[in-house]
Amino acid sequence: MTWVNRSARSERSNFLNRRERCDMITTTKHSTGKAVAALVLIWLAAIAAGCAAQKKGAPTVPDTGARKIVGIVAESDVDMDRIRILGNQPLTFTAVSKSSPAGVALYFPRTELALEDAYMDLESLEKAGLVASVQPGALATDETTALIEIELKADAPYDAMRQGDEVVVAFARPLHTPEREADPVVSELEEVPLAAPAEDVSRPAATRLEAVTVQRLENGVEIRVRADGPIRDYASFTLNSPDRIVYDIFGVSSPFIREQTIEVGMPWVSRVRHYGDQEKLRVVLDTSAEQFQATKARSIQEGLLIHVGDVAREAVAAEATITETEPVAWVNRVDFSAEPTGKSVVTVGTTRPVSYRMEKVHGRLLKLHLDHTRIPEYRRR
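Its first residue numbered -3, the sequence shown is counted upward by one per residue in the numbering used here.
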């Protein structure tokens, strides 16, 4: 209470002092006082306008640069259904096919879901022949990983790729042709297996991983290591206890901080893991020793394609029966594997079958001669 009384007395004293000073102002200064008052009013009006403008635009949220999913769009046409996942910047993802129910799960590490009703355009799903629903959410064990589950009406092959700031998942519809009487056979053509396309050595090699996708097939498993170019510089080997096939990919960086795991649950491959360090990207296929010789990998335009299971055996058998000749063959595979019996196997692959001979130089040194075959620059060491 004493502080309040002192304040009151001080206010009265100040008021009297101001009044005494006002009484000392002469009438000759009235015009100057009006000018000062006008300037004070203009200054106060400017401050009020600035405050109002700031309030109208508030709140201003700084851009944190976080990776976000801002929309999901479904598209459907005659022969294909597509799900477009829109991002505010390029998205990193892992795609895994599911069998029960049929579908695809896409994992986006360190990505936020920023979906609004205006950006959920899924009306075309009613006309879609394959896609039943799309469910966005977050991974239960890691809230920083966004999850988008696409449920299918029936199992179908798919392709997931990154296009700019979008991830496009495309499902090819099975072709249905109307039943009609078979046309008479005019001539019979002999079916000849085609050679796998040779590597495109002119395109720059991959430097950055974009995604790893797994496709379950009837006769095996297909793993696509997607990158920003063809993956050429890699080595593979096998390890036991537990049995696994390892692919070391050199010169390719990974955007993932921790090891990524894809549960496959098939007889040929149970799980796929991948992680990167400063020197290489390592892809590990958890499998059984029976599949060590049923694995095939080849460079493609968008990375590396790996097959495990009967599908790989069929591809190797098809290459062995190729009758088409080429002027020059290229070495496209150099693999090392250790068999359960303790033996070591070195596999050298070429773009077409070639004649070869083995020469023992001295001691444990062997030299392999491949006729009409060249080695790309990136494999020469």
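We treat Cβ as the ideally placed atom computed from N, Cα and C, and that holds for glycine.
(request) Give the secondary structure of E214 by DSSP, where H, G and I count as helix, E and B as strand, and everything else as coil. (result) coil
(request) Output the distance between the C-alpha atoms of H270 and D244, rounded to the nearest integer angstrom. (result) 10 Å
(message) Rounding to the nearest angstrom, what Cα-Cα distance links L300 and A156 in this structure?
(response) 14 Å
(message) Mapping the DSSP letters down to three states, classify V260 as helix, strand or coil.
(response) coil
(message) With distance defined between alpha-carbon atoms, name the residue in Y103, V324, T90 nearest to A136.
(response) Y103
(message) For V280, tell me which candidate among V248, I219, E214, I68 has the shortest Cα-Cα distance.
(response) I219
(request) Have a look at the DSSP bridge pairing and note the partners of T209. (result) A91, R220
(request) Take T347 and list the residues in its own chain whose beta-carbon comes closer than 6 Å to its own, dropping the five residues that flank it on each side. (result) A194, A325, W326, N328
(request) Assign E139 to one of three DSSP states: helix, strand, or coil. (result) strand
(request) Flag this pair as touching only if the region 64 to 80 and the region 158 to 170 have three or more C-beta atom pairs under 8 Å; answer yes or no. (result) yes
(message) Would F246 and G272 be called neighbours here (beta carbons separated by less than 8 Å)?
(response) no
(request) Could you tell me which of K292, Y154, A202 sits nearest to G216, measuring between CA atoms? (result) K292
(request) Mark R222 as exposed unless 16 or more other C-beta atoms lie within 10 angstroms of its C-beta, in which case mark it buried. (result) buried
(message) Using CA atoms only, rank isn't needed, just tell me which of V130, E147, D73, F233 is closest to K339.
(response) F233
(message) Less than 6 Å between C-beta atoms, sequence neighbours within five positions excluded: which residues of the same chain meet that for I371?
(response) V327
(request) Counting only the same chain and skipping the five closest in sequence on each side, list residues whose C-beta sits under 6 Å from that of T141. (result) Y103, P105, L135
(request) Measure the C-alpha to C-alpha separation of R278 and V342 and round it to an integer number of angstroms. (result) 19 Å
(request) Would you kindly report the start and end of the unbroken beta strand (DSSP E) that includes F246? (result) 240 to 246
(request) Could you check how far apart the C-beta atoms of I146 and V100 are, in whole angstroms? I think they sit under 8 Å. (result) 5 Å
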